[in-house]
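Undergrad: One structure, as structure tokens, below. Some questions next.
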């Protein structure tokens with residue numbers, strides 16, 4: 043594929059105060075290289091390297107809000123406290139010096155356990171004290187805890203803007219706290235944060251978004267990552283129809299979300315093939331069509347295996363990006379996030395821009411062992 047054929051990926055993108063030189067986003071990927079929750083020089087160099095190599099927008103690994111059990115591993119970074127925030131200041135300054143743009147992914151893991159078996163020393167919180175249907179873990183949040191959590195998200199947003207980040211992303215996907223409110227399998231509440239409908243169960247997320255919007259003002263873009271699938275259930279679907287997807291996502295856009303980051307395991311899979319066929323719109327395409335918001339698509343870009351295969355120890359081969367180019371050319375979504383390919387190959391964007399697809403690397407799990 044020639045450089046000219048790739049040009050659709052290298053159009054500038056602008057939304058409010060965010061100006062990007064291309065449409066390629068580094069997806070947020072948990073790395074667990076922040077001892078005591080504090081990012082350091084190695085983290086700054088890791089992100090700077092991608093900025094130097096033409097990534098349009100970098101989204102950080104998940105970094106947690108100021109709640110007692112917001113993280114599920116001891117080396118996940120904080121986005122609170124003087125030391126951690128000083129570390130993030132070092133990161134964003136390094137990215138800006140390299141000409142990049144970046145937002146932190148703001149996170150609360152809810153009742154989702156980590157990979158190592160580590161346990162926090164304070165009670166785990168979630169909507170209904172559940173990890174999955176009929177799988178208790180932790181405590182149901184009181185309304186006071188919910189209010190404090192909303193405030194903690196807003197406080198993190200204030201810090202992101204103060205430190206000089208260009209945007210921020212709220213993590214509302216993959217079975218973590220915000221997503222646990224969305225999912226009927228983990229939200230059995232009978233107060234205003236629960237309910238039979240997805241619109242009712244979106245109230246918590248809408249309150250978080252609204253609080254963040256008030257905190258950062260009108261011109262600071264807010265991204266929200268969402269997914270149908272959960273780590274607890276890869277086949278889970280929050281919205282089985284376009285109408286239900288509208289009920290889910292439209293209130294979040296109305297509350298202040300500018301960009302929906304629509305996570306799929308494989309970006310090329312149609313969301314509602316029964317409506318528009320096997321080559322129909324993917325999740326990000328439908329979200330854009332239904333809400334009018336800008337969208338980011340993501341899921342195994344340029345790779346043969348999806349992220350779930352990574353959990354089970356597999357790598358992935360490079361497959362090229364022709365299907366991506368076809369969807370970008372019809373403006374199905376606005377931006378594309380690349381994850382594992384950028385871990386193994388920091389030069390991925392440079393190679394794509396040059397049309398050098400023969401030298402694109404696949405994903406090697408060895409890349410997870412260090413910050414390359």
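In my numbering, the protein residues as written are 43 to 414. We treat Cβ as the ideally placed atom computed from N, Cα and C, and that holds for glycine.
1. Considering only their Cβ atoms, is the gap separating residue 173 from residue 154 smaller than 8 Å?
2. With a 10 Å radius around its C-beta and 16 neighbouring C-beta atoms as the bar for buried, classify residue 192 as buried or exposed.
3. What does residue 178 pair with, by DSSP beta-bridge criteria?
4. To the nearest angstrom, report how far apart residue 51 and residue 105 are at their CA atoms.
5. If we count the other Cβ atoms within 10 Å of its Cβ and call it buried at 16 or more, is residue 376 buried or exposed?
6. Based on Cα-Cα distance, which residue from 334, 365 and 164 lies nearest to residue 345?
7. By DSSP, does residue 150 sit in helix, in strand, or in coil?
8. Terminal residues of the continuous beta strand (DSSP E) containing residue 271?
9. Per DSSP, what kind of secondary structure is residue 340 in: helix, strand or coil?
10. In the DSSP assignment, what residue or residues form a beta bridge with residue 379?
11. When burial is assigned at 16 or more other CB atoms within 10 Å of the CB, is residue 167 buried or exposed?
12. Check the DSSP bridge columns for residue 358 and list the partner residues they point to.
13. Round the Cβ separation of residue 99 and residue 62 to the nearest angstrom and send it over; I've been treating them as touching at under 8 Å.
14. Could you please give the first and the last residue of the uninterrupted alpha helix (DSSP H) stretch that includes residue 223?
15. Once DSSP output is grouped into helix, strand and coil, what is the label at residue 414?
16. Cβ of residue 120 within 8 Å of Cβ of residue 82?
17. What would DSSP say about residue 237, mapped onto helix, strand or coil?
18. So, under 8 Å CB-CB, residue 341 and residue 382 are touching, yes? Tell me the CB distance rounded to an integer number of Å.
19. Any contact between the segment 381-395 and the segment 403-414? By contact I mean 3 or more CB pairs, one from each, below 8 Å.
TA: Looking at the coordinates:
1. yes
2. buried
3. 172
4. 28 Å
5. buried
6. 365
7. coil
8. 264-272
9. strand
10. 67 and 340
11. buried
12. 405
13. 5 Å
14. 219-224
15. coil
16. no
17. coil
18. 11 Å between Cβ atoms; not a contact.
19. yes
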